[in-house]
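Scroll down for the structure; my scribbles are underneath it.
Numbering (full-length UniProt numbering), first residue to last: 1 to 314.
Here is the structure:
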């Protein structure tokens with residue numbers, strides 16, 4: 001099982017690194033004028049997801065919930081650099097994951113906002129992104145500045161709860177007391193906002209659809225096509241928090257002693273890796289200038305398709 005999970009982690013991570021790197025390049029150099037402001041959100045999200053994929057490639061964590069103890073075993077290359085390196089990698093990856101979820105919500109808020117008002121200035125949008133980043137930044141700062149439990153203590157607690165587990169020599173990190181502020185805040189911050197964010201995204205998506213239906217007759221062909229394509233992209237993007245919810249369910253099943261199994265412990269972080277790995281494909285497929293730029297490289301003949309008379313950029 002260890003080898004199979006490691007192969008999946010590596011495959012998803014490498015796939016995500018390629019996709020997000022490509023999206024970053026395209027967002028920087030191929031964003032049309034009409035998407036110049038929204039591309040800031042695209043770029044921010046791609047950088048965050050790229051960070052997740054790079055760290056996961058070296059971390060590949062297995063989360064072991066043990067009552068009031070939470071332990072991580074890193075199975076990636078970071079274990080050759082010591083448990084401290086793995087712990088820092090795990091904490092940084094976790095804070096990127098929470099921030100990525102906030103950025104998905106912010107994308108929906110932006111699309112609804114620009115349907116009723118002029119797009120905000122770039123400086124304003126960057127400021128909002130930084131404000132949204134504060135909870136995740138506080139989480140990573142809290143975890144990195146609070147000492148984690150030592151290996152011997154964690155090994156004893158894990159083996160007491162799961163006597164058949166072999167954690168000898170593993171890159172084992174975590175906290176023996178989950179009720180301490182640092183691990184408690186990070187756990188709650190990673191779990192509680194997810195479900196309300198998912199519901200809010202679905203509500204925002206519905207409002208965007210209704211607004212577009214009402215305003216469609218007043219839009220020019222280019223604007224109408226752009227919003228239509230972005231709505232398709234955001235509709236698929238609305239499914240992403242649901243994948244995060246599945247990851248949380250895997251954790252809660254073990255934490256609440258409903259079902260404990262090594263597979264669930266592996267799936268907690270493997271499932272959530274699907275989001276940053278495949279999320280950039282939404283933009284690469286549905287944003288026309290990005291899609292055309294890729295086609296010019298992959299298939300030059302398809303990339304030379306003449307633009308429509310409306311001149312839409314999607």
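The beta carbon of each residue, even a glycine, is placed where N, CA and C say it ideally should be.
On the DSSP bridge assignment, give the partners of residue i in chain order.
i           : result
residue 164 : Residue 164 is not bridged to any residue.
Thinking residue i and residue j are a contact (beta carbons under 8 Å), I'd like their distance in whole angstroms, please.
i           : j           : result
residue 175 : residue 149 : 5 Å
residue 88  : residue 74  : About 11 Å; that fails the 8 Å criterion.
residue 321 : residue 284 : The requested residue 321 is not part of the displayed model; the chain covers only 1 to 314.
residue 86  : residue 171 : 5 Å
residue 63  : residue 265 : 6 Å
residue 21  : residue 50  : 6 Å
residue 159 : residue 167 : 7 Å
Between residue i and residue j, what straight-line distance do the alpha-carbon atoms span, to the nearest angstrom?
i           : j           : result
residue 144 : residue 65  : 20 Å
residue 139 : residue 76  : 23 Å
residue 287 : residue 276 : 18 Å
residue 289 : residue 30  : 6 Å
residue 126 : residue 40  : 7 Å
residue 137 : residue 69  : 23 Å
residue 215 : residue 44  : 29 Å
residue 146 : residue 90  : 14 Å
residue 71  : residue 35  : 43 Å
residue 309 : residue 221 : Because the pLDDT at residue 309 is just 39, under 50, the model does not fix this residue reliably, and the value given afterwards should be weighed accordingly. Computed Cα separation, rounded: 10 Å.
residue 4   : residue 10  : 10 Å
residue 116 : residue 189 : 31 Å
residue 312 : residue 56  : Because residue 312 carries a pLDDT of 41, less than 50, the predicted location of this residue cannot be relied on, and the following value inherits that uncertainty. Going by the C-alpha atoms only, they are around 38 Å apart.
residue 141 : residue 219 : 46 Å
residue 210 : residue 38  : 21 Å
residue 151 : residue 110 : 45 Å
residue 319 : residue 213 : Within the shown structure, residues of the chain are numbered from 1 to 314, placing residue 319 beyond reach of any answer.
residue 224 : residue 177 : 54 Å
residue 314 : residue 282 : Bear in mind that a pLDDT of 47 at residue 314, under 50, signals an unreliable position, so the number given afterwards is only what the model happens to contain. Cα to Cα, the separation comes out at about 12 Å.
residue 185 : residue 217 : 48 Å
Please confirm whether residue i and residue j have their CB atoms less than 9 Å apart.
i           : j           : result
residue 104 : residue 208 : no
residue 278 : residue 16  : yes
residue 319 : residue 254 : Since the displayed the chain opens at 1 and closes at 314, residue 319 lies outside it and no answer follows.
residue 195 : residue 245 : yes
residue 53  : residue 14  : yes
residue 234 : residue 205 : yes
residue 238 : residue 26  : no
residue 48  : residue 96  : yes
residue 173 : residue 107 : no
residue 280 : residue 19  : yes
residue 99  : residue 132 : yes
residue 267 : residue 258 : no
residue 128 : residue 120 : yes
residue 193 : residue 101 : yes
residue 274 : residue 58  : no
residue 191 : residue 248 : yes
Using 9 Å as the limit for Cβ to Cβ distance, is residue i near chain B?
i           : result
residue 156 : Protein chain content of the structure displayed is limited to a single chain, and chain B is not contained in it.
In chain order, which continuous runs of the alpha helix (DSSP H) of length 4 or greater are located wholly inside the region 225-293?
240-255, 262-286
Please specify which runs of the alpha helix (DSSP H), each continuous and at least 4 residues long, are wholly inside the region 148-194, giving them in chain order.
151-161, 181-191
Alpha helix (DSSP H) runs contained entirely in the region 40-100, provided each spans 4 or more residues:
none
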